[in-house]
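Just below is one structure, and these are the notes that go with it.
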Amino acid sequence: MSKPKFAMYWSGSCGGCEIAVINIHEKILDVDANFDIAFWPVAMDAKVKDVEALEDEEILLCLWNGSIRNEENEHMAHLMRKKSKLLVSFGSCATEGCIPGLGNLFPVAELIDTAYTTLTTDNPDNIRPQTVTQVPEGEITIPAMKDRVHTLAQVVDVDYFMPGCPPESHQIAAVIDLVIEVLQGKAELPPKGAVIGAGHSTVCEECPRQRNLKAIKAFRRIQDVAPLDPELCILEQGVPCNGPATRSGCKARCPSVGAQCIGCYGPAEGVVDYGARLITAFASVIDSKDPEEIEQILDGIPDPAGQFYRFNLADSLFQAGAPAFKKNEV
Amino acid sequence: MSEQFEPVIICFTCNWCSYRAADLAGTARMHYAPNVRLVRLMCSGRLDPTFIMKALSGGADGVLITGCHPGECHYIEQNYKAQSRWLLLRRVLKGLGIAPERVKLTWTSASEGTKLTKEINSFVEEIRDQGPLAWHKNLQQEKQETSQHNPKQAPVEVTV
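Those sequence lines, one after another, are chains A and B.
Residues in the first sequence are numbered from 281 upward in steps of one, following the numbering used here.
Residues in the second sequence are numbered from 197 upward in steps of one, following the numbering used here.
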């Protein structure tokens with residue numbers, strides 16, 4: 281009996297998810313023992329035409345990491361959806377836009393300008409990439425950037441979501457174990473649309489730090505708090521920590537070692553808008569009733585949109601900043 | 197002549213003060229702009245910023261938050277929480293390129309029907325000057341452009 285097929289594809293992402301998969305160490309042998317790897321551009325040489333040649337839904341499990349940044353990403357998302365039985369939105373980029381999603385704060389033209397004109401870019405002729413270029417051999421094309429970043433689920437139907445930037449390796453291993461157990465008939469798949477490989481609560485719940493009634497008079501950057509109390513809640517010490525709204529599952533890795541949570545596991549269960557939940561959390565700890573003083577305290581968060589939507593902008597209620605919508609451009 | 201822009205305003209009211217002020221305005225037959233849709237909450241402190249974002253991203257052009265005067269909250273001090281959230285939300289909206297003036301906070305006691313109607317009327321004019329937010333339209337148009345291929349609705353089953 282032939283083994284079921286496995287695929288992993290990347291789009292607008294950094295490649296960290298791939299490394300997280302490799303970080304499951306010898307468990308990767310279980311993947312190989314139970315699956316036939318059909319398509320995984322980072323790890324093996326297979327072409328898109330090989331995927332196109334497959335029957336629909338012939339791939340059993342496809343882990344998709346990366347946001348939908350350009351037309352090629354979108355085309356591949358539709359293709360992998362068609363060819364896969366289970367499509368998993370793997371990692372923060374695919375699930376909520378992640379860092380590429382912050383591009384949604386600007387028009388595409390401005391992003392390209394920034395990328396090709398900064399001081400460190402060697403581009404004396406001020407060249408910009410063109411979607412179509414004529415060369416002696418004929419016409420060559422590259423995919424066009426979309427107006428804004430979409431999450432995978434905004435473009436195609438997704439079966440499961442696996443958050444994290446990147447997903448923790450122990451969580452990936454657990455998910456792979458589960459899928460193998462399902463194949464062997466020892467377990468059942470979670471309901472469609474479920475978040476897998478993560479907890480159901482917040483990072484605060486896993487955080488070992490001491491929590492008291494919070495009342496803070498100033499927000500400060502973590503490097504300006506010296507020394508950081510190793511036992512006490514980081515938010516209580518005035519450092520913006522995204523733990524209260526962020527999904528658990530990482531074993532509170534950052535706060536445990538003295539760094540604030542930046543929210544890479546996305547919104548906790550039941551949170552509709554990640555940023556809104558953080559606004560509630562942060563505003564509630566401010567120890568002042570005077571609007572002017574509150575404004576002063578809030579000055580300690582220099583980039584609120586970036587603080588609250590670092591990973592989640594593309595999947596938030598607004599999905600983007602106003603400049604990303606062309607029609608709003610003046 | 198082009199038609200006048202009629203903004204959609206969502207106004208969150210507190211059960212103990214501003215909702216009663218609106219009631220008073222109604223009983224006293226005071227007029228206020230019909231652009232506003234009132235939503236009653238038990239307290240302005242119940243106002244999750246999610247509600248405001250949902251309103252703005254779903255078609256509203258402006259949101260008016262009303263609550264008891266400072267020191268008069270039925271639940272002791274929850275209106276102060278609403279104030280802090282509002283101030284922080286404004287900064288986030290600004291970061292997203294949305295005019296923070298689209299969300300306004302005003303204190304109205306149960307006896308201030310006149311004040312509430314004035315606030316509503318002036319806010320409607322302010323938002324009229326701002327023009328449409330059109331966030332809902334932006335998102336909808338993109339949805340149509342991003343066509344949905346091969347929607348898979350059937351429950352997932354795996355057999356080998």
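By construction, the Cβ of each residue, glycine as well, lies at the ideal position given by its N, Cα and C atoms.
Within 10 angstroms of the Cβ of residue i, are there 16 or more other Cβ atoms? Answer buried if so, exposed if not.
i         : result
Met238(B) : exposed
Thr431(A) : buried
Asp439(A) : buried
Ala350(B) : A caution first: Ala350(B) carries a pLDDT of 43, below 50, which makes its placement in the model too unreliable to give a value.
Cys213(B) : buried
Pro230(B) : exposed
Met288(A) : buried
Gly418(A) : exposed
Ile206(B) : buried
Pro471(A) : exposed
Ile476(A) : buried
Glu273(B) : exposed
Val356(B) : With a pLDDT of 43 at Val356(B), under the threshold of 50, the modelled position of that residue is not reliable, and the figure given next carries that caveat. Burial call: exposed.
Ala602(A) : buried
Val235(B) : exposed
Asn346(B) : Confidence at Asn346(B) is low in this model, with a pLDDT of 38, below 50, so the placement of that residue should be treated as unreliable; the coordinate-derived value is given next. Burial call: exposed.
Lys497(A) : exposed
What do you reckon, are the CB atoms on residue i and residue j nearer than 9 Å?
i         : j         : result
Ser282(A) : Asp316(A) : yes
Glu351(A) : Ala300(A) : no
Gly309(B) : Met249(B) : no
Ala374(A) : Ser347(A) : yes
Phe562(A) : Asp427(A) : no
Gly292(A) : Arg349(A) : yes
Lys289(B) : Leu252(B) : According to the sequence provided, residue 289(B) is Leu. The question's Lys does not apply to it. Going by C-beta atoms, Leu289(B) is nearer than 9 Å to Leu252(B).
Thr482(A) : Arg527(A) : yes
Ala506(A) : Leu558(A) : no
Leu335(B) : Ala221(B) : no
Along the chain, where does the alpha helix (DSSP H) containing residue i start, and where does it finish?
i         : result
Trp212(B) : Taken as a continuous stretch (DSSP letters only), Trp212(B) belongs to no alpha helix (DSSP H), as it is neither H nor E.
Ser364(A) : Unbroken run through Ser364(A) is the beta strand (DSSP E), Ser364 to Phe370; no alpha helix (DSSP H).
Thr400(A) : Taken as a continuous stretch (DSSP letters only), Thr400(A) belongs to no alpha helix (DSSP H), as it is neither H nor E.
Arg324(B) : Gly309 to Gln326
Gln279(B) : Gln274 to Gly291
Val435(A) : Leu432 to Val435
Glu573(A) : Pro571 to Leu578
Gln587(A) : Pro584 to Phe588
Met249(B) : Pro245 to Ser253
Gly383(A) : Taken as a continuous stretch (DSSP letters only), Gly383(A) belongs to no alpha helix (DSSP H), as it is neither H nor E.
At what residues does the beta strand (DSSP E) containing residue i begin and finish?
i         : result
Ile317(A) : Asp316 to Phe319
Val299(B) : Val299 to Trp303
Phe441(A) : Tyr440 to Met442
Asn345(A) : Ile339 to Asn345
Leu463(A) : No beta strand (DSSP E) holds Leu463(A); the alpha helix (DSSP H) holding it covers Ser449 to Leu463.
Val519(A) : Run containing Val519(A): none; DSSP gives neither H nor E here.
Lys472(A) : Element bounds for Lys472(A): n/a, residue is neither H nor E.
Arg272(A) : The question about residue 272(A) has no answer here: the residues shown for chain A are numbered 281 through 610.
With a CB to CB cut of under 7 Å and the five nearest residues on each side skipped, what residues in its chain are close to residue i?
i         : result
Ser596(A) : Asp553, Tyr554, Gly555 and Tyr589
Glu511(A) : Arg489 and Gln490
Ile452(A) : Ala300, Val301, Ile304 and Gly477
Ile460(A) : Asp310 and Asn314
Glu338(A) : Lys285 and Lys363
Starting from the C-beta of residue i, find all residues in its chain whose C-beta is less than 6 Å away, skip the five residues before and the five after it, and write them out in chain order.
i         : result
Glu448(A) : Cys530
Val322(A) : Glu298
Lys300(B) : Leu260 and Phe319
Phe229(A) : The displayed coordinates of chain A run from 281 to 610. Any statement about residue 229(A) would go beyond what the structure contains.
Thr302(B) : Thr262 and Glu315
Glu549(A) : His480
Given residue i, which residues of its chain have a CB within under 8 Å of its CB, disregarding the five upstream and five downstream residues?
i         : result
Ala395(A) : Thr401
Gly377(A) : Ser347, Asn384, Val429, His430, Thr431, Phe591, Asn592, Leu593, Ala594 and Asp595
Thr201(B) : Here the sequence assigns Phe to residue 201(B), which means Thr is not the residue at that position. Excluding residues within five positions, the ones whose Cβ falls inside 8 Å are Arg324, Gly327 and Pro328.
Gly296(A) : Gly371, Cys445 and Pro446
Leu359(A) : Val328, Val331 and Glu332
Leu382(A) : Gly586, Tyr589, Arg590 and Leu593
Gln344(B) : For Gln344(B), the predicted structure reports a pLDDT of 43, less than 50, and the residue's modelled location is therefore unreliable. A value from the coordinates is still provided. For Gln344(B), where only same-chain residues beyond five positions count, there are no Cβ hits under 8 Å.
Glu485(A) : Gly479 and Ser528
Ile456(A) : Ile304, Lys307, Asp310 and Val311
So is the beta-carbon of residue i under 8 Å away from any non-hydrogen atom of the ligand HEM?
i         : result
Ala251(B) : Here there are no bound small molecules, and the ligand HEM is not part of this structure.
**OP:** Residues of the segment 246 to 265 of chain B with a CB closer than 7 Å to any CB of chain A: list them in chain order, please.
**Re:** Those would be Thr246, Met249, Lys250 and Ser253, in chain order.
Original post:
According to a CB-to-CB cut-off of less than 9 Å, which residues of the segment 311 to 323 of chain B neighbour chain A?
Top reply: For the segment 311 to 323 of chain B, the set of residues with a beta-carbon nearer than 9 Å to any beta-carbon of chain A is empty.
Original post:
Can you list, in chain order, the residues of the segment 278 to 312 of chain B whose Cβ is nearer than 7 Å to any Cβ on chain A?
Top reply: Cβ contacts with chain A come from Gln279, Ser280, Arg281, Leu283, Leu284, Leu285, Arg287, Val288, Gly291, Leu292, Gly293 and Ile294.
**OP:** Return the residues of the segment 590 to 603 of chain A that lie within a Cβ-Cβ distance of less than 9 Å from chain B, sorted by chain order.
**Re:** Of all residues in the segment 590 to 603 of chain A, Leu593, Ser596, Leu597, Phe598, Gln599, Ala600, Gly601, Ala602 and Pro603 have a Cβ within less than 9 Å of some Cβ in chain B.
Original post:
the segment 225 to 245 of chain B: which residues have C-beta closer than 8 Å to a C-beta of chain A, in chain order?
Top reply: From the segment 225 to 245 of chain B, only Asp244 and Pro245 have a Cβ closer than 8 Å to chain A.
**OP:** Using a Cβ-Cβ cut-off of less than 9 Å, give me the residues of the segment 529 to 551 of chain A that come near chain B, in sequence order.
**Re:** With the criterion set as a beta carbon lying under 9 Å from some beta carbon of chain B, the members of the segment 529 to 551 of chain A are Val551, in sequence order.
Original post:
When Cβ atoms are compared, which residues of the segment 313 to 326 of chain A fall closer than 7 Å to chain B?
Top reply: Those residues of the segment 313 to 326 of chain A placed with their C-beta closer than 7 Å to a C-beta in chain B do not exist.
Subject >> chain B contacts made by the segment 504 to 527 of chain A, where a contact means CB separation under 9 Å >> reply: Contact annotation: in the segment 504 to 527 of chain A, no residue has its CB less than 9 Å from a CB in chain B.
Original post:
What residues from the segment 203 to 220 of chain B come within 8 Å of chain A, judged by C-beta to C-beta, listed N to C?
Top reply: Residues passing the 8 Å Cβ filter: none.
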